[in-house]
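Trainee: Sequential numbering from 309 applies to the sequence shown in my numbering.
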Amino acid sequence: MPIRLNLWTAPTGLERIYISGLNTTEKVWLQKGVGQRINITSGALGSAAVERALLDAYGLERLDWDQLVEIAKTPVPRGKPPADAPIVATVPFGANAGHWTAADAEALDADTMAHPIPEPTTLLVDHREPAELKERLRQIHNLIVQEEQLEVGDYVLPGILTIERKTISDLVVSITEDSRRLFHQTDAMTMVPGSSVLLLEGDVYGQQRLTLPNIAGTLSYLAVIQGVSVLPTLSLPHSVYMIAKLVRHRVYGLGYDIPLRGTAPKHASKAAAFLLEGLPGVSANLARRLLRHFGSAQAVANATEAELRAVEGIGPSKAKAIVEVFAASSDP
């Protein structure tokens with residue numbers, strides 16, 4: 309696969325150049341540093357290998373930020389390019405061609421969630437987690453990061469939530485080379501109180517060491533035998549956002565009530581039938597029958613059990629349930 313440079317610009321003006329076509333399943337990107345320095349984030353591949361691949365692919369003597377930006381902005385030529393020609397393209401934020409990418413995840417901000425973390429909340433974080441990830445967590449309002457050497461999980465709300473984070477390369481090693489470490493870790497998570505979540509950071513289907521049956525078996529075992537929730541993320545920033553979302557939901561709930569039913573019809577008579585369909589054991593046909601018999605939803609609400617039983621399809625238990633619904637008070 310030819311090397312492709314994708315220029316991404318955040319709303320804040322931050323620029324990154326993402327590199328695809330390298331021999332890795334991890335996200336690799338360039339970011340302008342101080343002076344002429346270019347910072348390379350390359351995971352296990354190594355920054356030297358990335359630099360050499362770029363120099364060879366584009367015939368460069370050295371990495372120059374402005375030159376790389378121009379390359380990334382060069383449109384992809386029509387037709388099939390030569391086999392040895394690098395393919396370049398510009399991918400602005402939001403132009404994801406039908407799928408979300410790690411570049412899109414860069415714009416996620418846990419402080420601007422519709423329902424952010426409302427009160428100071430302490431999250432235990434394993435000290436071995438990446439410094440960038442911990443720093444991003446510290447920037448989230450009301451999230452207090454407390455570093456510790458955790459025995460179980462990487463991110464913990466004691467007693468209620470344990471999160472283990474795995475990059476895809478770490479996942480592969482922890483299954484194939486490290487005495488099946490993954491399953492020991494997730495098993496330990498299920499032994500402590502609270503919810504257990506495994507974050508898979510990256511594309512598990514973009515690597516070749518685990519076969520599709522291996523992946524299916526692993527995910528199935530984690531989900532239905534161990535009871536661990538498996539959540540995919542696109543990148544480290546996406547993992548940060550997901551961790552904040554998990555903390556928000558687990559401690560404070562959604563922040564709003566989910567509607568129990570769909571949108572009611574606008575026409576009054578149809579809305580009345582819709583209202584009655586929400587009663588226990590009342591189908592669409594029975595709702596219309598109730599309206600014909602009583603004349604209005606208000607009359608149904610005021611009906612006694614005996615009056616309700618006069619309607620075809622309503623027996624003693626259903627009549628009692630309907631009366632109880634209209635007499636019930638709100639939850640405390």
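Note that beta-carbon positions come from the ideal geometry of N, C-alpha and C, so glycine has one too. Predicted, not measured: the structure shown is a model, and the values here were computed from it.
CB-CB under 7 Å to R304, same chain, minus the five flanking residues each way: which ones, in chain order?
Mentor: Past the edges of the chain, shown from 309 to 640, lies residue 304, and the structure says nothing about it.
Trainee: R312 to V590, Cα distance in whole Å?
Mentor: Roughly 59 Å between the two C-alpha positions.
Trainee: Roughly how many whole angstroms lie between the Cα atoms of A410 and L554?
Mentor: Distance between the alpha carbons of A410 and L554 is about 19 Å.
Trainee: Start and end of the alpha helix (DSSP H) containing D364?
Mentor: Element bounds for D364: 355 to 366.
Trainee: Mind checking who E455 pairs with in its DSSP beta bridge?
Mentor: Partner(s): V433.
Trainee: Do you know offhand how far L539's Cα is from I551's?
Mentor: Going from the Cα of L539 to the Cα of I551 covers about 10 Å.
Trainee: Compute the Euclidean distance between the alpha carbons of D372 and E509, then round it to the nearest angstrom.
Mentor: Rounded to the nearest angstrom, the two C-alpha atoms are 30 Å apart.
Trainee: Could you give the distance in angstroms between the alpha-carbon of D417 and the alpha-carbon of L445?
Mentor: The alpha-carbon atoms of D417 and L445 are separated by roughly 10 Å.
Trainee: Evaluate M499 with the Cβ neighbour count: other Cβ atoms within 10 Å of its Cβ, from every protein chain shown; 16 or more gives buried, anything less gives exposed.
Mentor: That one is exposed.
Trainee: The ligand SAH heavy atoms versus the CB of Y529: any closer than 7 Å?
Mentor: The ligand SAH is absent from the structure shown, which contains no ligand whatsoever.
Trainee: Can you name the start and end residues of the beta strand (DSSP E) that T526 belongs to?
Mentor: Counting along the chain, T526 falls outside any beta strand (DSSP E), though it belongs to the alpha helix (DSSP H) covering 520 to 528.
Trainee: I'd like the list of long-range same chain contacts for K626, defined as Cβ closer than 6 Å, with 5 residues on each side in sequence excluded.
Mentor: If we look at K626 and ignore the five residues flanking it on each side, its Cβ neighbours are G589.
Trainee: Could you tell me the alpha carbon to alpha carbon distance between I348 and T541, rounded to whole angstroms?
Mentor: In a straight line, the C-alpha of I348 is about 21 Å away from that of T541.
Trainee: Taking all protein chains shown into account, do 16 or more other C-beta atoms lie within 10 angstroms of the C-beta of I630, making it buried, or fewer, making it exposed?
Mentor: When all chains shown are included, I630 counts as buried.
Trainee: Taking all protein chains shown into account, do 16 or more other C-beta atoms lie within 10 angstroms of the C-beta of L363, making it buried, or fewer, making it exposed?
Mentor: Exposed, by the Cβ-count rule.
Trainee: For I468, is the classification buried or exposed, using 16 other Cβ atoms within 10 angstroms of its Cβ as the cut-off for buried?
Mentor: Burial call: exposed.
Trainee: Once the 5 residues before and after E334 are set aside, which same chain residues still bring their CB inside 8 Å of it?
Mentor: Counting only Cβ-Cβ distances below 8 Å, and skipping sequence neighbours, we find S350, G351, A352, L353, T475, I476, S477, G510.
Trainee: Give me, in chain order, the residues of the same chain whose beta-carbon lies closer than 7 Å to that of A572; leave out the 5 immediate sequence neighbours on both sides.
Mentor: Excluding sequence neighbours, A572 sits near A579, F582.
Trainee: Can you tell me whether R492 is buried or exposed? The criterion is at least 16 other CB atoms within 10 Å of its CB, across all chains shown.
Mentor: Here residue 492 turns out to be His, not Arg, going by the sequence shown. When all chains shown are included, H492 counts as exposed.
Trainee: Exposed or buried, what is W316 when buried is set at 16 or more other beta-carbons lying within 10 Å of its beta-carbon?
Mentor: Buried: at least 16 other Cβ atoms inside 10 Å.
Trainee: I'd like to confirm the pairing. Which residues does DSSP put opposite V336 in its beta bridges?
Mentor: Looking at the DSSP assignment, V336 forms a beta bridge with I327.
Trainee: Please report the straight-line C-alpha distance between S482 and G514, rounded to a whole angstrom.
Mentor: Roughly 17 Å separates the two Cα atoms.
Trainee: Shortest alpha-carbon distance to R517 belongs to which of I471, V480, I452?
Mentor: Taking only the C-alpha atoms, the option nearest R517 is V480.
Trainee: Please name the residue, chosen from V464, P424, V460, T332, that lies closest to Q447 on a Cα-to-Cα basis.
Mentor: When only C-alpha atoms are compared, the closest one is P424.
Trainee: Based on Cα-Cα distance, which residue from E615, D412, N450, S503 lies nearest to S547?
Mentor: Nearest option by C-alpha distance: D412.
Trainee: I think E455 touches D462, with their Cβ atoms under 8 Å apart; what is that distance to the nearest whole Å?
Mentor: About 11 Å separates the two Cβ atoms, so there is no contact after all.
Trainee: What residue range does the alpha helix (DSSP H) around N450 cover?
Mentor: Counting along the chain, N450 falls outside any alpha helix (DSSP H), and DSSP gives it neither H nor E.
Trainee: Could you say which of K340, A357, A592, D495 lies nearest to L322 if we only look at CA atoms?
Mentor: Among K340, A357, A592, D495, the Cα nearest to that of L322 belongs to K340.
Trainee: Are A415 and N314 touching if we call contact CB-CB under 8 Å?
Mentor: Not a contact, by the Cβ cut-off of 8 Å.
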